[in-house]
Amino acid sequence: HAGGEPVRQSARAEAEAIPSRPRRARHRIEQARAYHLDAQPDVALATLAQAHETAPDTIRYNGYARRIIGSSWRKPNPSPRPAAAEPPTWQPAWAS
Numbered sequence: 100h101a102g103g104e105p106v107r108q109s110a111r112a113e114a115e116a117i118p119s120r121p122r123r124a125r126h127r128i129e130q131a132r133a134y135h136l137d138a139q140p141d142v143a144l145a146t147l148a149q150a151h152e153t154a155p156d157t158i159r160y161n162g163y164a165r166r167i168i169g170s171s172w173r174k175p176n177p178s179p180r181p182a183a184a185e186p187p188t189w190q191p192a193w194a195s
């Protein structure tokens with residue numbers, strides 16, 4: 100998996116220690132990228148939800164976040180986990 104090492108590294112970095120909300124959201128987006136590359140779309144979407152709670156505008160205009168959201172719910176999900184098969188409930192207006 101392409102995201103293996105980034106996933107391990109992101110687990111070591113504590114997002115809550117970042118005082119700036121936009122920077123904390125960008126950190127979460129990078130974590131979501133790692134999970135997305137590691138074929139964990141449900142975890143990627145959950146991490147993006149955390150980024151959205153932290154700083155909605157940061158995720159709204161981030162190209163990586165848009166691609167992860169779009170690819171996670173437009174593709175059929177081969178895994179038994181249904182979380183990524185549908186758009187997230189907090190889906191930003193630009194993702195529809």
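One point on numbering: in my numbering, the residue at position 56 of the sequence shown is 155, and numbering is uninterrupted.
For glycine and all other residues, C-beta sits at the position ideal for the given N, C-alpha and C.
- With distances taken between CB atoms, is the gap from Ile-167 to Pro-140 smaller than 9 Å? yes
- Cα-Cα separation between Glu-115 and Thr-153, rounded to whole angstroms: Cα-Cα distance, rounded: 10 Å.
- CA-CA distance, Leu-144 and Glu-113? One C-alpha to the other measures close to 18 Å.
- Task: Have a look at Gln-149, Gly-169, Tyr-160 and flag the residue whose alpha-carbon is nearest the alpha-carbon of Arg-127.
- Result: Gln-149
- Task: For Ala-138, name the three-state secondary structure that DSSP assigns.
- Result: coil
- Query: In three-state DSSP terms, what is Ile-117?
  - Reply: coil
- Task: For Ala-124, count neighbouring C-beta atoms within 10 Å of its own C-beta (all shown protein chains included) and say buried if the count is 16 or more, exposed if not.
- Result: buried
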